[in-house]
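Numbering (our numbering), first residue to last: 9 to 544.
We treat Cβ as the ideally placed atom computed from N, Cα and C, and that holds for glycine.
Remember, it's a predicted structure, so these values are computed and weren't measured experimentally.
Below you'll find the structure, written out as structure tokens, and then a few comments.
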Amino acid sequence: MSPSKKFVFITGGVCSSLGKGISSASIGLLLERQGLKVAMMKLDPYLNVDPGTMSPYQHGEVYVTDDGAETDLDLGHYYRYTHSPLSRISSVTSGQIYDAVIKRERRGDYLGKTVQVIPHITEEIKQRIYSCFDQEKGTQVAVIEVGGTVGDIESLPFLEALRQLKYDMREECITIHVTYVPYLEAAKEIKTKPTQHSVQMLRQIGLFPDFIICRSERPLSDELKEKISLFCNVPREGVLEALDVKETIYEVPLRFKEQSLDQLLVKKLSFPYKKTALKDWENLIKKESKAKKKVRIAFVGKYVSHQDAYKSILESLSHAAIQLGIDCEVHPFEADKVITEGHLDPQIHGFDGYLIPGGFGERGWLGKILTCRYAREKKIPYFGICLGMQVMVTEFARHVLKFEDANSTEIDPSTEHPVISLLEEQRDIRAIGGTMRLGAFSCLLKKGSHAEKAYKATTVSERHRHRFEFNNKFRDQLEEKGLVVTGMLKDGDLVEIVELKDHPWMVGVQFHPEFKSRPLEPHPLFLSFLHAASRR
Ligand code: GLN
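Here's what the structure looks like:
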């Protein structure tokens, strides 16, 4: 490992849900704006090989990379804030580490040795971390976020691997601890003790933080920061405050910069400091606060009660809204609760646009179909993503082609009209993990379509995560009645986009555009959808 390569480790203390991923992504951005080439990585302590098999209630969204890895949603934050390479390499779980070590053991690679957490598991973790630098030439800094909270048994091997890296390359590594500093209403006091204990725990493992980012609902006084500095053995300037942001999470890098984190970081990493330009991010925040025109979007999904289940879609809507200068109000609806006595509940009538996201399984299917029917008949903009596109095709086949039992075979394997079905090559696959159509595929767009006008291109690349596909057997009949195919897989006969003729904006995409939207580069389809909705 060349000594010019640097590492920033980010750990979490006291509790989860502190927005460690957003802090990590913001740190990545500050380093990039110093002209450094950064690679982001997430280490997750659970034993699943990837989050692809977990329920969104457990884990939130599964973020998919170009190379088809199903990863932690923090990679979505990394994508939105930085230009780090993101691939299979960037998302590591204990499951992957143990799987690799055990496979090696079975092959006989450790013959004669007892295979142990130290050194074998930790060595595998270190190799994964080094591989961060192999993704793109010239990478200078790896920002490594450790999932979970210090003190968890399962994250110990990761922290031990970081300790060893720091032992080997003391000058090249820095540790940032993101912690919680609560305010106790009854005592009317902000408490630093949980942070002190969490840092003590980190120190017992052999990791000494260089910075502490204190998440808190109330501003910390200088006195409190000095106290944290003294008790946690961190220089005063290394104690940062991270208050809940008022408007948008895109303020976080600006708040860090105000406290000179950019300058302190590069100094500590021995890079020359240049003034960090963040004008574009500042403008973004200004634009957001000025947005006036309200656009109301009904968002009908299966997991809407979980904040993180549709993270990238909600972010993509907000990126597009900021760019268009509108205030996008997203109204979530549980898909299985939108039907009353066989009809679409009036609560969900009259929105400016309808969005049905990806999903799996039968629950809520009919609610989505009826929502889609309503948007089609009332000529209100509709955006169907992945399952939402399959809903659009099924609804059209049922109510326009009059194939009453039309369905996806995911929902009804014995339907006479399987308008969405499995490909031949998917039929014999039994294993659930990592076996869907995953990752980036090129798509050819039809001239004059909403999609082509939005992208201003004829070939695009988008990421997929699904098993079922549009059934080409029904294509002619559907097209004849006005459900037209406007995007096709470049290298194959798979339908990627459908649109409705004689409707202001009804578009279904088999892929997930939300994985490729950035605050400064909103996704064209989200822009086009919100634009159509705002014209109502
Ligand atoms: N369940 C559908 C499929 O597997 C859609 C998946 C999704 O929306 N990501 O094809």
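Item, Value
"Same chain only: Cβ atoms within 6 Å of residue 23, ignoring 5 sequence neighbours per side", "188"
"Cross-strand partners of residue 470 (DSSP beta bridge)", "449"
"Sequence-distant residues of the same chain with beta carbon closer than 7 Å to residue 336, five excluded per side", "303, 305, 325, 326, 329, 538"
"Residue 5: first and last residue of the uninterrupted alpha helix (DSSP H) it sits in", "This structure cannot speak to residue 5, because the chain is shown only from 9 to 544."
"Near the ligand GLN: residue 1 beta-carbon under 7 Å from a heavy atom", "The displayed coordinates of the chain run from 9 to 544. Any statement about residue 1 would go beyond what the structure contains."
"With 16 other Cβ atoms within 10 Å as the buried cut-off, status of residue 403", "buried"
"Beta-carbon proximity of residue 266 to residue 293, cut-off 8 Å", "no"
"Proximity below 8 Å, CB of residue 272 to CB of residue 246", "yes"
"Spatial neighbours of residue 509 in its chain, beta-carbon cut-off 7 Å, leaving aside the 5 residues before and after", "490, 492"
"Minimum C-alpha distance to residue 175 - residue among 410, 214, 277", "214"
"Minimum C-alpha distance to residue 76 - residue among 520, 528, 29, 204", "520"
"Three-state class that DSSP yields for residue 309 in the structure shown", "strand"
"Minimum Cβ-Cβ distance from residue 534 to chain D less than 8 Å", "Among the chains in the structure shown there is no chain D, since it carries only a single protein chain."
"Residue 262 versus residue 285 - alpha carbon distance", "10 Å"
"Helix, strand or coil at residue 188 [DSSP, three-state]", "strand"
"From 485, 64, 352, 50, residue whose alpha carbon lies closest to that of residue 411", "485"
"Coil, strand or helix - residue 77 by DSSP", "coil"
"Check: residue 367 C-beta below 7 Å from any heavy atom of the ligand GLN", "yes"
"Same chain, Cβ closer than 8 Å to residue 450, neighbours up to 5 away in sequence not counted", "467, 468, 469, 497, 498, 499"
"Validate contact between the stretch 63-76 and the stretch 127-138 using beta carbons, cut 8 Å, 3 pairs", "no"
"Cβ pair residue 398, residue 523 closer than 8 Å", "no"
"Nearest neighbour of residue 504, chosen from 163, 448, 199 [CA to CA]", "448"
"Whole-angstrom C-beta distance between residue 364 and residue 396, which should lie under 8 Å", "3 Å"
"Inter-residue spacing [alpha-carbon to alpha-carbon] between residue 441 and residue 543", "42 Å"
"From 93, 50, 527, 312, residue whose alpha carbon lies closest to that of residue 333", "527"
"Pair within 8 Å by beta-carbon distance, residue 198 and residue 223", "no"
"Segment limits, alpha helix (DSSP H) that includes residue 47", "Premise fails: residue 47 lies in the beta strand (DSSP E), 46-52, not in any alpha helix (DSSP H)."
"Span separating the alpha-carbon of residue 117 from that of residue 109", "9 Å"
"Own chain partners of residue 314 with C-beta closer than 7 Å, once the 5 adjacent residues on each side are dropped", "64, 65, 68"
"Helix, strand or coil at residue 240 according to DSSP, with G and I counted as helix", "helix"
"Proximity to residue 420 [Cα-Cα], best of 316, 61, 369", "369"
"Residue 224 - containing beta strand (DSSP E), residue span", "219-224"
"According to DSSP, residues forming a beta bridge with residue 110", "DSSP output for residue 110 lists no bridge partner at all."
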